[in-house]
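One structure below.
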Amino acid sequence: MEYMTESFVREELRITPAKVERIHYYQEKWQCPECRKDGDGIFAESRIPAALIPHSPASPSMTVYVAMEKIGMAVPYYRQEFLMNQLGFTLPRETMANWIIYTAENYFYLIYDRLHEELLKRDLVHADETTCQVLREKGRTAEQTSYMWLYATGNDGLTPIVLYDYQPSRKGSCAQKFLEV
Numbered sequence: 258m259e260y261m262t263e264s265f266v267r268e269e270l271r272i273t274p275a276k277v278e279r280i281h282y283y284q285e286k287w288q289c290p291e292c293r294k295d296g297d298g299i300f301a302e303s304r305i306p307a308a309l310i311p312h313s314p315a316s317p318s319m320t321v322y323v324a325m326e327k328i329g330m331a332v333p334y335y336r337q338e339f340l341m342n343q344l345g346f347t348l349p350r351e352t353m354a355n356w357i358i359y360t361a362e363n364y365f366y367l368i369y370d371r372l373h374e375e376l377l378k379r380d381l382v383h384a385d386e387t388t389c390q391v392l393r394e395k396g397r398t399a400e401q402t403s404y405m406w407l408y409a410t411g412n413d414g415l416t417p418i419v420l421y422d423y424q425p426s427r428k429g430s431c432a433q434k435f436l437e438v
């Protein structure tokens, strides 16, 4: 028999379940032997990647996973905590929430502020608000209506910008304050 050709038969989809890996980082430390003789402690250390969150095991991929599950897939922290336990490790919901808060405050607010500056430079900005409830907010009850304002640039041929802004009311002053240059 001689090979002739091959023909497509079918396609299969395969899923690889989520897995969690512990990555250990070690830092090498060096000392000058000649300096040690003189009693001088000159040391050198190897470089290691900076932690996303200081003193935390949060990797960028784990933090993005938690945020995507929470925000993109609407999976509450308590359910994520349960799923993490099924994967074989403990990750408390409070820790996940703290990771998201930290990354928002230390990374994403910088991006948000820069996008806000760019949005204000555009000739046309659309705005709309929708109701939302916040369970625990200082000075307000969980039953009070709050608003999530959305601001989007017009179709001006530039990269679109869409920003959200939480406000406790729908007063025009909320939009006015956001759109101040």
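Each residue of the sequence shown is one higher than the one before, starting from 258 at the first, in our numbering. For each residue, glycine too, the CB sits at the ideal point set by N, CA and C.
Distance cutoff 8 Å, beta carbons only. Does residue i sit that close to anything in chain B?
i           : result
residue 265 : Absent from the structure is chain B; it holds one protein chain and no more.
State the Cα-Cα distance for the pair residue i and residue j, rounded to the nearest angstrom.
i           : j           : result
residue 280 : residue 307 : 14 Å
residue 421 : residue 387 : 11 Å
residue 362 : residue 320 : 14 Å
residue 425 : residue 432 : 12 Å
residue 403 : residue 428 : 11 Å
residue 344 : residue 332 : 16 Å
residue 299 : residue 305 : 19 Å
residue 348 : residue 317 : 15 Å
residue 365 : residue 315 : 16 Å
residue 399 : residue 389 : 10 Å
residue 369 : residue 410 : 14 Å
residue 273 : residue 258 : 38 Å
residue 287 : residue 416 : 49 Å
residue 341 : residue 357 : 16 Å
residue 275 : residue 330 : 15 Å
residue 264 : residue 277 : 39 Å
residue 406 : residue 437 : 15 Å
Less than 7 Å between C-beta atoms, sequence neighbours within five positions excluded: which residues of the same chain meet that for residue i?
i           : result
residue 372 : 418, 420
residue 303 : 284, 285
residue 359 : 310
residue 354 : 334
Does DSSP classify residue i as helix, strand or coil?
i           : result
residue 301 : strand
residue 397 : strand
residue 384 : strand
residue 322 : helix
residue 482 : Outside the displayed range of the chain (258 to 438) lies residue 482, so it cannot be described from this structure.
residue 286 : strand
Using C-beta distances below 6 Å, list every residue in its chain close to residue i, excluding the 5 sequence neighbours before and after it, in chain order.
i           : result
residue 350 : 334, 335, 338
residue 383 : 409
In its own chain, which residues sit with a C-beta less than 8 Å from the C-beta of residue i, not counting the 5 before and 5 after it?
i           : result
residue 379 : 410, 411, 413, 415, 418
Any contact of the stretch 306-324 with the stretch 285-297, i.e. 3+ C-beta pairs under 8 Å? no
Does the structure place the stretch 391-401 close enough to the stretch 374-381 that three or more beta carbon pairs sit under 8 Å? no
At 3 residues or longer, what runs of the beta strand (DSSP E) sit wholly inside the stretch 328-390? 382-389
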